[in-house]
Amino acid sequence: MGSQLGEISAQELSKYDGSNVDLPLLVAIRGKVYDVSSASDFYGPGKSYAVFAGKDASRALAKMSTKAEDLWAPLCESHKEPKIHSLT
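When you line the sequence shown up against full-length UniProt numbering, it's residues 1 to 88, in that order.
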């Protein structure tokens with residue numbers, strides 16, 4: 001993906017989960033977005049890490065978990081949904 005999206009919301013990021021073949025597969029880690037389209041055999045629909053596509057996977061990766069509930073679950077009570085800052 002050649003263009004810079006700048007800040008995008010979690011809702012916008014969710015569009016890049018592989019459900020639309022015309023869009024790249026994106027995964028965020030600590031608010032930084034990565035294009036993982038070249039690894040669609042891992043992150044594409046139905047694949048081992050598909051749960052991470054279109055989401056900030058920071059917490060789940062830290063827990064070494066592929067459970068959906070570990071993706072957006074709060075790290076603490078004051079934790080809010082992450083703001084996605086940039087596209088790499």
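Idealized CB from N, CA, C, for every residue including glycine.
**Q.** Residues near Lys47 in its chain [Cβ-Cβ closer than 8 angstroms; skip 5 each side]
**A.** Ser40 and Asp41
Q) So Val51 packs on Leu71, CB below 8 angstroms; how close in whole Å? A) 7 angstroms
Q: Please check the pair Gly54 and Asp22, which I expect to be a contact at CB under 8 angstroms, by giving their CB distance rounded to whole angstroms.
A: Incorrect: roughly 14 angstroms between the Cβ atoms, too far for contact.
Q: Round the Cβ separation of Ala68 and Ile29 to the nearest angstrom and send it over; I've been treating them as touching at under 8 angstroms.
A: Actually they are not in contact, since the Cβ atoms of Ala68 and Ile29 sit about 17 angstroms apart, beyond 8 angstroms.
Q | Pairwise C-alpha distance: Thr66 and Glu12 | A | 21 angstroms
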